[in-house]
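Sequential numbering from 17 applies to the sequence shown in this note's numbering.
The structure appears right after this line, and notes come after that.
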Amino acid sequence: MKGQFIVFEGIEGGGKTSQIEQTREWLQKGGLGKPLDVIQTREPGGTELGQKLRSLLLNDHSLHIDDRSELLLYAADRAQHVNQFLKPQLKEGKIILCDRFIDSTTAYQGYGRGLDLDLIRQLNAIASDGLESDLTLWLDVEVETGLQRVQERGKRDRVEESDLAFHQRVREGYTALAEQFPQRIIPINANESPQQVQAAIQKTLLAHLS
Ligand code: TMP
17 MKGQFIVFEG IEGGGKTSQI EQTREWLQKG GLGKPLDVIQ TREPGGTELG QKLRSLLLND
77 HSLHIDDRSE LLLYAADRAQ HVNQFLKPQL KEGKIILCDR FIDSTTAYQG YGRGLDLDLI
137 RQLNAIASDG LESDLTLWLD VEVETGLQRV QERGKRDRVE ESDLAFHQRV REGYTALAEQ
197 FPQRIIPINA NESPQQVQAA IQKTLLAHLS
C-alpha cells in the first residue's frame, strides 16, 4: 500500500488522542489485512519548531496572542510539519495518523474566531503546500459533552478555556466542512462509548482503505 495521510479532527473532548493511539495499534497489528508501517503525529507540535509554537500557542497563559497572529503561528507550524515531516514520510510509504490539519484552522480561526474564510483557505493552501488528507475522520461530539469531559480531565489549555459559544461555532465549522467535502470528511459519532467510537473508526478505515 502506498503512503496514506489520515487526519483526525473535532472539538475538544471527542477522545481524539486515545482513539488515534488505538487505531495505530490496530493498523500495526494487521487490522486492514496485514501489519502496516504506521506513524502518529499532530498539529501543532509535529516538529521541533512546532513543539515550541505549540507551547506558545496553548500553554503560555500570560501571553496575549492576537487572532491574526494566532492564525499565522498555526500556519507556520503546518508549513514546517508538511515539508520536514509529512511529505518525506508519505514518500517512504508510511501510513500517517495526524491529530488535526487544515480543517482545524477553518473551524477554530475561521468559524470560532471569525476570521475571513477565504483568507484562511489561501493560507491553508500555502502552509500545506498542496498536501491533502486521503481521509479525515471527524470525531463529532456534542459541545456540552466534550467540555464536560475536558473539565473532568482537570488542566485546561488556552483554547479549552474559551466559552461555550466559541466551541459551538467551531462545531458548526466542522459541520459545514463535512457538508462541503463529503468524500474526504467522514463524521464519527463521538458521543458514544470509546469502544463504539473505535469500532466505527475501524469500519470506516476498512471501507475506505483496504
Ligand atoms: P489538541 O491537539 O490537544 O486538540 O489541541 C490543539 C488545540 O489547538 C485545539 O484547541 C485546537 C487548536 N488549533 C487551532 O485553533 N487551529 C489549528 O489550526 C490547529 C491545528 C489547532
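Beta carbons: idealized from backbone N, C-alpha and C, even for Gly.
Can you give me the start and stop residues for the alpha helix (DSSP H) that residue i sits inside?
i	result
residue 186	180–196
residue 213	210–225
residue 168	159–169
residue 137	133–144
residue 96	83–97
Mind checking whether residue i and residue j have CB atoms under 8 Å apart?
i	j	result
residue 53	residue 111	yes
residue 94	residue 144	yes
residue 204	residue 216	yes
residue 61	residue 101	no
residue 131	residue 96	no
residue 19	residue 108	yes
residue 47	residue 206	no
residue 126	residue 26	no
residue 209	residue 49	no
residue 72	residue 79	yes
residue 106	residue 56	no
residue 202	residue 220	yes
residue 38	residue 214	yes
How would you write the range of the beta strand (DSSP E) that residue i sits in, first residue to last?
i	result
residue 204	201–205
residue 40	Where residue 40 is concerned, there is no enclosing beta strand (DSSP E), although the alpha helix (DSSP H) it sits in stretches over 32–44.
Grab me the residues of residue i's own chain with a C-beta within less than 6 Å of its C-beta, minus the 5 sequence neighbours each way, in chain order.
i	result
residue 24	32, 36, 115 and 153
residue 200	152
residue 133	126
residue 165	29
residue 40	54, 56 and 113
Can you give me the Cβ contacts of residue i inside the same chain, cut-off strictly under 8 Å, excluding the 5 residues immediately before and after it?
i	result
residue 175	28, 74 and 124
residue 139	87, 88, 91 and 121
residue 98	143, 144, 145 and 147
residue 180	159, 160 and 163
residue 136	87, 121, 122, 125 and 126
residue 184	159
Is any non-hydrogen atom of the ligand TMP found closer than 7 Å to the C-beta of residue i, if you look at the structure I gave you?
i	result
residue 32	yes
residue 63	no
Excluding the 5 residues preceding and the 5 following residue i in the sequence, name in chain order all residues of the same chain whose CB lies nearer than 7 Å to its CB.
i	result
residue 129	83
residue 117	23, 59 and 149
residue 51	44 and 45
residue 224	151
Quiz item: Got a list of residues with beta-carbon closer than 5 Å to any non-hydrogen atom of the ligand TMP, in chain order?
Solution: 59, 90, 116, 120, 121, 124 and 175
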